[in-house]
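Visitor: In the working numbering, the protein residues as written are 93 to 172. We put the CB at the ideal spot given by N, CA and C, even for glycine.
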């Protein structure tokens, strides 16, 4: 974990943010005392895998429904 003072962080904020985005963790200090930690944001509900955007979505309705949207939707949901 790298250490950086608040003053140095102000001067190098863009670089520190880029490093944190790349996975590095920074310990922010004020008067040689740790006051904050800067690191990558953790999002447990979003997984970006190797197959991201490797497929395409196909529409359930390929042509117009002539105003029968609800019937088509219920049929697609197997609720009809």
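At the level of alpha carbons, what is the spacing between residue 157 and residue 164?
Guide: Within the chain shown, the letter at position 65 stands for residue 157. Within the chain shown, the letter at position 72 stands for residue 164. Cα-Cα distance, rounded: 7 Å.
Visitor: Would a C-beta distance cut-off of 9 Å place residue 121 and residue 143 closer than the cut-off?
Guide: Residue numbering aside, residue 121 sits at position 29 when the chain shown is read from its first letter. Residue numbering aside, residue 143 sits at position 51 when the chain shown is read from its first letter. No; because the gap between Cβ atoms is not below 9 Å, this pair is not in contact.
Visitor: Have a look at residue 98 and residue 152 and give me their C-alpha separation to the nearest angstrom.
Guide: Within the chain shown, numbered from 1, the residue matching residue 98 stands at position 6. Within the chain shown, numbered from 1, the residue matching residue 152 stands at position 60. Between residue 98 and residue 152, the C-alpha separation is close to 54 Å.
Visitor: In the DSSP assignment, find the unbroken alpha helix (DSSP H) run with residue 120 in it and report its ends.
Guide: As a first step, residue 120 must be located in the chain shown, where it is residue number 28. Not the alpha helix (DSSP H): residue 120 falls in the beta strand (DSSP E), residues 118–122.
Visitor: At which residues does the beta strand (DSSP E) containing residue 128 begin and terminate?
Guide: Residue numbering aside, residue 128 sits at position 36 when the chain shown is read from its first letter. First-last of the beta strand (DSSP E) with residue 128: 125–130.
Visitor: Within 10 Å of its beta-carbon, does residue 126 have 16 or more other beta-carbons around it, so buried, or fewer, so exposed?
Guide: Working through the chain shown from its first residue, we reach residue 126 at position 34. Per the 10 Å Cβ criterion, exposed.
Visitor: Do you know offhand how far residue 161's Cα is from residue 146's?
Guide: Taking the first residue of the chain shown as position 1, residue 161 is located at position 69. Taking the first residue of the chain shown as position 1, residue 146 is located at position 54. About 30 Å.
Visitor: Could you check if residue 108 is buried or exposed, using at least 16 other CB atoms within 10 Å of its CB as the buried criterion?
Guide: Position 16 of the chain shown, counted from the first residue, corresponds to residue 108. Flag for residue 108 reads buried.
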